[in-house]
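Asker: First the structure, which I've put down as structure tokens, then a few questions once you've had a look.
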Amino acid sequence: MNETAKRVRPAAVAGMFYPQDPAELRSEVAAYLTQGAAGDVPAPKAVVVPHAGYRYSAAVAARAFARLAAARGRVKRVVLLGPTHRVAVAGFALSNAEAFDTPFGPVAVDVAAVERLKARPDAAAMDLAHAQEHCLEVQLPFLTEVLGDVAIVPVLAGQVEPAAVADLLSEVWGGPETLIVISSDLSHYLSYDDCVTLDAVTQHAIETLSPEKIERPQACGRLPISGLLLAAKARGMRVETLDVRNSGDTAGPRGQVVGYGAWAFFESPEPPPLTETHGDEMIALATASIRHGLAHGAPLTVDFGAVSPDLIDFGATFVTLHRDHRLRGCIGSLRAVRTIAEDIAANAYAAAFSDGRFPPLSEEELEGLEVSVSVLGPMEPISFSGENDLLAQLDIGVDGLVIADRGRRALFLPQVWGQLPDPVVFLAQLKVKAGLPLAESPTMQAWRFRVDEAGRG
0 MNETAKRVRP
10 AAVAGMFYPQ
20 DPAELRSEVA
30 AYLTQGAAGD
40 VPAPKAVVVP
50 HAGYRYSAAV
60 AARAFARLAA
70 ARGRVKRVVL
80 LGPTHRVAVA
90 GFALSNAEAF
100 DTPFGPVAVD
110 VAAVERLKAR
120 PDAAAMDLAH
130 AQEHCLEVQL
140 PFLTEVLGDV
150 AIVPVLAGQV
160 EPAAVADLLS
170 EVWGGPETLI
180 VISSDLSHYL
190 SYDDCVTLDA
200 VTQHAIETLS
210 PEKIERPQAC
220 GRLPISGLLL
230 AAKARGMRVE
240 TLDVRNSGDT
250 AGPRGQVVGY
260 GAWAFFESPE
270 PPPLTETHGD
280 EMIALATASI
290 RHGLAHGAPL
300 TVDFGAVSPD
310 LIDFGATFVT
320 LHRDHRLRGC
330 IGSLRAVRTI
340 AEDIAANAYA
350 AAFSDGRFPP
360 LSEEELEGLE
370 VSVSVLGPME
380 PISFSGENDL
390 LAQLDIGVDG
400 LVIADRGRRA
410 LFLPQVWGQL
420 PDPVVFLAQL
430 KVKAGLPLAE
440 SPTMQAWRFR
450 VDEAGRG
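Here you go:
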């Protein structure tokens, strides 16, 4: 057996929890998804789904998976988090596998993300915990059918605190390209009526984002669910109950039943960027400061009574000048140290008269001058093992990058990708800008960020 084959985790419960034959499995999954279809609805950021044999719980799980149809082509990575059933684990059990096999074929593992999680003191590779574990495997046929080609980050939670789960989720939360799937059944082996009563308590706890109200008997994945609830509450997420039933409702007798539930979690809609709502005002403010600089040799003093209240919030901006489609100046702030309006005025003046790469702007150059303003989002530190790992984590064309080393620092806005689309060249030129050697440095630090831009199409 070659090394690649050794790193594929075989399907352990195909033929037991779900059909092993690909055609039969595809037909069964399609039927469940059709039953769970909810029309044209937005896709959630996270879901909680059950993990029993398909005849018992798949109809409930499909209510959540059907909601993901709108994310096909957008979601590239799925973080799968569930409890351990067969192997005791202190902390989180990760996998060394490069792929998880299914009757539909192998599903790739995001190995880079797993490697980053291995740096956590409470996480370690433990293939034994994954070898016979069903809670993640049973989700894979649904995920691949709904989302297509995705990579997974498989994580099993043993004895951990919910806060640790929330912290781990924050490391892999990502953006629209990442989906969070929490795998958990609800109460186990109660009478039908007792199960309905206890699962209703759990449902209320999830709907109100109250992890402290979920005790051990209420869900085998109590800790993963609780961690998601903490993360969801911190992020102001909305939760929707999609289905709550038990094995007595789906395929089994009602003497002793197991509860199942499906929930969808939605991130709060982002307000439109300032550059969309106040872009013209920002460009006018930057232009006015440049004109004021030509006349008085100083940036414009902002009249707070004359600008929109949103521009009085603190923020970091860059002002970029172009003339005849060529860069004419670019100055900005890495941190929010003054109001957005003040920052725009100061940076516009500096871009016109203090960018050392160009002579001060002349009055004649105002004609045809293109002014753009970029509002920086938060700086996100990047943990990386080498430059290849760093570049693999960047969203090309979208992320701006800051590097720092040996007392030097430099920044490229995301717009620079237009001139330097090769990531290796992008990083090399950023090193040149910082005055750093091109050789890899073990002490280099990096941050990524995103911007909203006004004034340049």
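Going by numbering that gives the first Met the number 0, 323 is the number at position 324 of the sequence shown; the sequence numbering is gapless.
C-beta: ideal position from N, C-alpha, C; glycine also.
(1) Which same chain residues, not among the five before or five after Leu410, have their C-beta less than 6 Å away from its C-beta?
(2) Smallest Cα separation from Ala461: which of Gly220, Val424, Trp172?
(3) Buried or exposed: Leu437, going by 16 or more other Cβ atoms within 10 Å of its Cβ?
(4) I'd like the ranges of any alpha helix (DSSP H) spanning at least 4 consecutive residues and lying wholly in the segment 254 to 298.
(5) Quick check on DSSP: helix, strand or coil for Asn387?
(6) Among Arg327, Gly278, Asp451, which has the Cα closest to the Cα of Gly367?
(7) From the DSSP output, which residues share a beta bridge with Asn245?
(8) State the DSSP-derived secondary structure class of Thr300, mapped to helix, strand or coil.
(9) Would you be able to state if there are at least three C-beta pairs under 8 Å between the segment 160 to 174 and the segment 221 to 234?
(10) Pull the bridge partners of Arg76 from the DSSP assignment, please.
(11) Taking 7 Å as the cut-off, decide whether the C-beta atoms of Ala294 and Val372 are in contact.
(12) Can you tell me the Cβ-Cβ gap for Thr201 and Ala58, rounded? I've got them flagged as a contact below 8 Å.
(13) From this set, Pro223, Val243, Ala263, Arg221, which residue's C-alpha is nearest Lys44's C-alpha?
(14) Please tell me whether Leu178 and Ala63 are closer than 7 Å, where the distance is taken between their beta carbons.
(15) Based on the DSSP secondary-structure assignment, which residues constitute the bridge partners of Pro18?
(16) Which residue's Cα is closest to the Cα of Asp335: Val374, Val318, Arg405, Val28?
(17) CA-CA distance, Pro18 and Ser332?
(18) For Arg253, I'd like the list of residues in its chain whose CB is within less than 8 Å of its CB, leaving aside the five on either flank, ordered along the chain.
(19) Let me know the secondary structure DSSP gives Thr196 once reduced to three states.
(20) Quick check on the DSSP output: the alpha helix (DSSP H) that includes Gln428 runs from which residue to which?
(21) May I have the straight-line CA-CA distance separating Ala96 from Gly14, to the nearest angstrom?
(22) When the distance is taken between beta carbons, is Ala340 closer than 7 Å to Leu482?
(23) Could you check where the beta strand (DSSP E) with His129 kicks off and where it finishes?
(24) Is the beta carbon of Arg447 less than 7 Å from the beta carbon of Ile381?
(25) Let me see if you follow: with CB-CB separation under 7 Å, is Thr177 close to chain E or not?
(26) Out of Phe425, Gln138, Leu320, state which residue places its alpha-carbon closest to the alpha-carbon of Val77.
(27) Tell me whether the segment 142 to 154 and the segment 107 to 121 touch, counting them as touching only if at least three CB pairs, one residue from each stretch, are closer than 8 Å.
(28) Suppose contacts are defined by Cβ-Cβ distances below 7 Å. Is Ala22 in contact with Thr101 by that definition?
(29) Suppose you measure from the CA of Leu155 to the CA of Phe91; what does that come to, to the nearest Å?
(30) Taking one C-beta from the segment 276 to 293 and one from the segment 343 to 357 each time, how about it: are there three or more such pairs within less than 8 Å?
(31) Can you look up Thr201 in the DSSP assignment and give me helix, strand or coil?
(32) Between the C-alpha atoms of Ala70 and Ala42, what's the straight-line distance to the nearest angstrom?
(33) Using 7 Å as the threshold, is the C-beta distance between Val306 and Ala285 below it?
(34) Do you know how far the Cα of Asp121 is from the Cα of Cys134?
(35) Tell me Val110's beta-bridge partners as DSSP assigns them.
(36) In whole angstroms, what separates the C-alpha of Val243 from that of Ala261?
Answerer: Judging by the given coordinates:
(1) For the purposes of this step, residue 410 is taken as the residue at position 411 of the sequence shown. Answer for Leu410: Val401, listed in chain order.
(2) The structure shown does not extend to residue 461, since the chain is modelled only from 0 to 456, so the question has no answer here.
(3) Walking along the sequence shown from the start, residue 437 turns up at place 438. Result: exposed.
(4) 273 to 276, 278 to 295
(5) Within the sequence shown, numbered from 1, the residue matching residue 387 stands at position 388. DSSP places Asn387 in helix when its eight states are reduced to three.
(6) The count along the sequence shown starts at 1 and reaches residue 367 at position 368. Ranking the options by Cα distance to Gly367, first place goes to Arg327.
(7) Reading the sequence shown from its first residue, position 246 is the one you call residue 245. The partner list for Asn245 (beta bridge, DSSP) reads Gly258.
(8) Position 301 of the sequence shown holds residue 300. Three-state DSSP puts Thr300 in coil, outside helix and strand.
(9) yes
(10) Numbered from its first residue, the sequence shown carries residue 76 at position 77. Arg76 is bridged to Ala150, Thr177.
(11) The sequence position of residue 294 within the sequence shown is 295, counting from 1. The sequence position of residue 372 within the sequence shown is 373, counting from 1. Contact: no.
(12) Reading the sequence shown from its first residue, position 202 is the one you call residue 201. Reading the sequence shown from its first residue, position 59 is the one you call residue 58. Contact flag wrong, Cβ pair sits at about 19 Å.
(13) Along the sequence shown, one-based indexing puts residue 44 at 45. With distances taken between Cα atoms, Lys44 lies closest to Ala263.
(14) Here residue 178 corresponds to residue number 179 of the sequence shown, with the count starting at 1. Here residue 63 corresponds to residue number 64 of the sequence shown, with the count starting at 1. Contact: no.
(15) Taking the sequence shown and counting its residues from 1, the one referred to as residue 18 is at position 19. Bridge partners of Pro18: none, in fact.
(16) Numbered from 1 along the sequence shown, position 336 holds the residue referred to as residue 335. Residue 335 is actually Ala in this sequence, not Asp. Nearest option by C-alpha distance: Val374.
(17) Reading the sequence shown from its first residue, position 19 is the one you call residue 18. Reading the sequence shown from its first residue, position 333 is the one you call residue 332. Rounded to the nearest angstrom, the two C-alpha atoms are 57 Å apart.
(18) Counting from one through the sequence shown, the residue named residue 253 turns up at place 254. So the qualifying residues of the chain are Ser190, Tyr191, Gly247.
(19) Your numbering for residue 196 matches position 197 in the sequence shown. In this structure, Thr196 counts as helix in the three-state DSSP scheme.
(20) Reading the sequence shown from its first residue, position 429 is the one you call residue 428. Element bounds for Gln428: 422 to 433.
(21) Locating residue 96 in the sequence shown gives position 97, counting from the first residue. Locating residue 14 in the sequence shown gives position 15, counting from the first residue. Straight-line Cα distance between these residues: approximately 22 Å.
(22) In the structure displayed, the chain extends from 0 to 456; residue 482 sits before or after that span and is not available.
(23) Here the question's residue 129 lines up with position 130 in the sequence shown. Careful: His129 lies outside any beta strand (DSSP E), inside the alpha helix (DSSP H) at 126 to 130.
(24) For the purposes of this step, residue 447 is taken as the residue at position 448 of the sequence shown. For the purposes of this step, residue 381 is taken as the residue at position 382 of the sequence shown. Contact: yes.
(25) Note that chain E does not occur in the displayed structure, where there is just one protein chain.
(26) Counted from its first residue, the sequence shown places residue 77 at position 78. Checked all of Phe425, Gln138, Leu320; the closest Cα to Val77 is Gln138.
(27) yes
(28) For the purposes of this step, residue 22 is identified with residue 23 of the sequence shown, where counting begins at 1. For the purposes of this step, residue 101 is identified with residue 102 of the sequence shown, where counting begins at 1. Taking 7 Å as the Cβ cut-off, Ala22 and Thr101 do not qualify as a contacting pair.
(29) Start at 1 with the first residue of the sequence shown, and residue 155 comes out as number 156. Start at 1 with the first residue of the sequence shown, and residue 91 comes out as number 92. Computed Cα separation, rounded: 6 Å.
(30) yes
(31) Locating residue 201 in the sequence shown gives position 202, where the first residue counts as 1. In this structure, Thr201 counts as helix in the three-state DSSP scheme.
(32) By 1-based counting over the sequence shown, the position of residue 70 is 71. By 1-based counting over the sequence shown, the position of residue 42 is 43. Roughly 6 Å between the two C-alpha positions.
(33) Counting from one through the sequence shown, the residue named residue 306 turns up at place 307. Counting from one through the sequence shown, the residue named residue 285 turns up at place 286. No, Cβ-Cβ distance for Val306 and Ala285 is not below 7 Å.
(34) For the purposes of this step, residue 134 is taken as the residue at position 135 of the sequence shown. For the purposes of this step, residue 121 is taken as the residue at position 122 of the sequence shown. Straight-line Cα distance between these residues: approximately 21 Å.
(35) Looking up residue 110 in the sequence shown gives position 111. The partner list for Val110 (beta bridge, DSSP) is empty, contrary to what the question assumes.
(36) Stepping through the sequence shown from its first residue, residue 243 is reached at position 244. Stepping through the sequence shown from its first residue, residue 261 is reached at position 262. Cα to Cα, Val243 sits roughly 7 Å from Ala261.
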